[in-house]
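J.: Questions regarding the structure given below will be posed in turn.
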Amino acid sequence: MRKRSLTERWLGNSFFVTSAITLVVVVAVAFFIHSSYYDAAELALKSHAQSNSLTTFFAQYINNDKEVFHEKAIEYLDSFTDKSRIEVWVIDQDGKVVATSSGFDAAEIPEYKTAIETNSNALWLGKSASGEKIMALTAPLLSNTGYSGAAVRYITSLAELDQQFVQVILLLFLIYIIINALVASSGLFFIRSIVKPVEQVAKSAKTVAAGNYKTYIKVDSRYSDEVSDLCHTFNEMIEAIGEYDQMKTDFMSTVSHELRTPLTAIRGWSETVSACPEDEETVRYAIDIILKETQNLNMIVEDLLDFSRIDGGRMKLKLERLDGVAELTDAVSTYVHKAENKNLKLIYEENDIVAPIFADALRIRQVFANIIDNAIKYTDEGTITVSGDVIDDEFVVSVIDTGCGIAADALPRIKEKFYKANMNKKGSGIGLAVSDEIVKMHDGRLTVESEIDVGTTVKVYIPLSKQ
């Protein structure tokens, strides 16, 4: 099927329909005006034919001598005041024209017979002997004894009316052309204002599909409508895709580096052990490092697997009734040694509370461990304070550090996948995103508050179990 452009569809569905309707209206108006002109001419003739003065003037003379009737006919024509527009013929009892207001010889009278037979006014449209289009009306005359056969014929030229009608038709046609021109020009302008940005969107979409995320659409600032909204949204989408692609690239680079570091250490110390198997102290030291790096490697891989499960909707929770305080205590104890190695003071404010939660033990401990690990990672000196409390039917875990903090512009995106506020620090950038998703799966929420060079506060809210 041939593709039809928006312009072609508009021409077919709108412009031609509008043009046809306008043409019908113009034709209807033309017929109305034509009818009005002819009705006005007929009314003028009838006003004279049905005048009481006509009947009164001729009634007493119709049966008199023909010469007297002829004299009175001439007298009537002399007194007729509308000679400039209407010609008058006076016809005697024998059907002969005895006098005309123009002075020219009379021609045939087609409607005379009808008027006499019906004893009523008879109208006729046709052409005069000279070929001029006329309208004639014959009115039979009533004598004192009844209808006599005498009549008066009123004739008016239609040439001037037809000429005026032609002028009106030309004017209507000109108006029709102007209307169509205005509709076409405004419509095409409007269609182009839509088609042009849509074509730009289509062209840019192809460019984006090819991997170029720096193609933006120029938005006409004169308009603020759905099309401009589409263009703005498309530009925002391209910018977001570009940022997401860059974050993905940075993520792949970071993950590659994070994987390479422990692998390099494991390989290096494995080669050392292989070269000096008899050195027990070196072997023990190498095995400790290999175990440590293996744990780091395992954490990275687990984060990647968790991210993959969450992103694909495949992560399942094994929910059970747990003691939230106990789970938090276990997570804190795991990081005491790590904090000491960085000369950080890890303070755990263990409140004497009962916090029953309905959660997956492995996943909720993973969340607590992740936010504590992040606090240690981004704090070079100072303290890290961990606490748990029950507030409004929620178990609230707070981790407060005195680290480098997060910039205000980066804070809204800190929980996005792949996003890292500080590229100089180790980490894949998905740990907090995974934690946030896990908390959401527990019908909870994770919040982050931070200030540069002051520190960061991360809070996890988990609903208390009501069972």
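Residue numbers (the working numbering): -16 to 450.
Don't be surprised by glycine CBs; every beta carbon is placed ideally from N, CA and C.
Which of helix, strand or coil does DSSP assign to Val382?
T.: Strand at Val382.
J.: In terms of residue numbering, what span does the alpha helix (DSSP H) encompassing Phe52 cover?
T.: From DSSP, the alpha helix (DSSP H) with Phe52 extends over 49 to 62.
J.: On the DSSP bridge list, what partners appear for Ile445?
T.: Bridge partners of Ile445: Phe378.
J.: How big is the Cα-Cα spacing for Glu100 and Phe148?
T.: Whole-angstrom Cα-Cα distance: 34 Å.
J.: Where does Val7 sit, in a helix, a strand or coil, going by DSSP?
T.: Three-state DSSP puts Val7 in a helix.
J.: Nearest to Arg428 by alpha carbon, out of Ile355, Gln183, Ile69, Val380?
T.: When only C-alpha atoms are compared, the closest one is Val380.
J.: If we count Cβ pairs, one from each stretch, closer than 8 Å, do we get three or more for the region 267 to 279 versus the region 305 to 314?
T.: Cβ pair count under 8 Å is below three, so no.
J.: Hey, Ala167 and Phe(-1): beta-carbon distance below 8 Å or not?
T.: Not in contact: Ala167 and Phe(-1) (Cβ atoms no closer than 8 Å).
J.: Which stretch, first to last residue, makes up the alpha helix (DSSP H) that contains Arg348?
T.: Its alpha helix (DSSP H) spans residues 344 to 360.
J.: If you draw a straight line from the alpha carbon of Ala192 to that of Gly225, how long is it in whole angstroms?
T.: Computed Cα separation, rounded: 12 Å.
J.: Kindly indicate which three-state DSSP category Gly109 falls into: helix, strand or coil?
T.: If DSSP states are grouped into helix, strand and coil, Gly109 belongs with the strands.
J.: Could you check the C-alpha separation between Val337 and Ile389 for me, to the nearest Å?
T.: Distance between the alpha carbons of Val337 and Ile389 is about 33 Å.
J.: Under 8 Å by Cβ, that's how I've got Ala119 and Trp107 pegged, so tell me the actual separation to the nearest angstrom.
T.: Yes, Ala119 and Trp107 are in contact; Cβ-Cβ is about 5 Å, under 8 Å.
J.: Note down, in chain order, each residue of its chain lying with its Cβ closer than 8 Å to the Cβ of Asp419, except the 5 sequence neighbours on either side.
T.: Within the same chain, Asp419 has close Cβ partners Lys398, Leu429.
J.: Roughly how many whole angstroms lie between the Cα atoms of Glu50 and Leu154?
T.: Cα to Cα, the separation comes out at about 53 Å.
J.: Using C-beta distances below 7 Å, list every residue in its chain close to Ala142, excluding the 5 sequence neighbours before and after it, in chain order.
T.: So the list reads Glu115, Lys116, once near-sequence residues are dropped.
J.: Please report the Cβ distance between Ala24 and Leu144, rounded to the nearest whole angstrom; I am assuming they are in contact, meaning their Cβ atoms lie under 8 Å.
T.: The pair is a contact, with the Cβ atoms about 6 Å apart (cut-off 8 Å).
J.: Have a look at Asp77, Ser85, Ala112, Ser62 and flag the residue whose alpha-carbon is nearest the alpha-carbon of Tyr95.
T.: For Tyr95, the nearest C-alpha among the options comes from Asp77.
J.: Check for me: the beta strand (DSSP E) holding Ile69 runs from which residue to which?
T.: Per DSSP, Ile69 belongs to the beta strand (DSSP E) from 69 to 74.
J.: Between the beta-carbon of Leu447 and the beta-carbon of Ile367, is there less than 8 Å?
T.: Taking 8 Å as the Cβ cut-off, Leu447 and Ile367 do not qualify as a contacting pair.
J.: In this structure, how does DSSP classify Tyr21 when only helix, strand and coil are distinguished?
T.: Three-state DSSP puts Tyr21 in a helix.
J.: Here's a check: name, in chain order, each residue in its chain whose Cβ is nearer than 6 Å to the Cβ of Glu434, leaving out the five neighbours to either side.
T.: Correct list, in chain order: Gly388.
J.: In whole angstroms, what is the alpha-carbon distance linking Tyr196 and Ala393?
T.: When rounded, the distance between both Cα atoms is 22 Å.
J.: Within the continuous beta strand (DSSP E) that includes Ile330, where are the two ends?
T.: Element bounds for Ile330: 328 to 332.
J.: Rounded to the nearest angstrom, what separates Gln457 and Lys449 at their Cα positions?
T.: The question about residue 457 has no answer, for the chain in this structure spans -16 to 450.
J.: On the DSSP bridge assignment, give the partners of Phe341 in chain order.
T.: Partner(s): Arg304.
J.: Go to Val417, then tell me how far its alpha helix (DSSP H) extends in each direction, as first and last residue.
T.: Element bounds for Val417: 414 to 424.
J.: So, does the region 249 to 261 touch the region 360 to 374, judging by three or more C-beta pairs under 8 Å?
T.: Flag = no, the region 249 to 261 and the region 360 to 374 do not touch.
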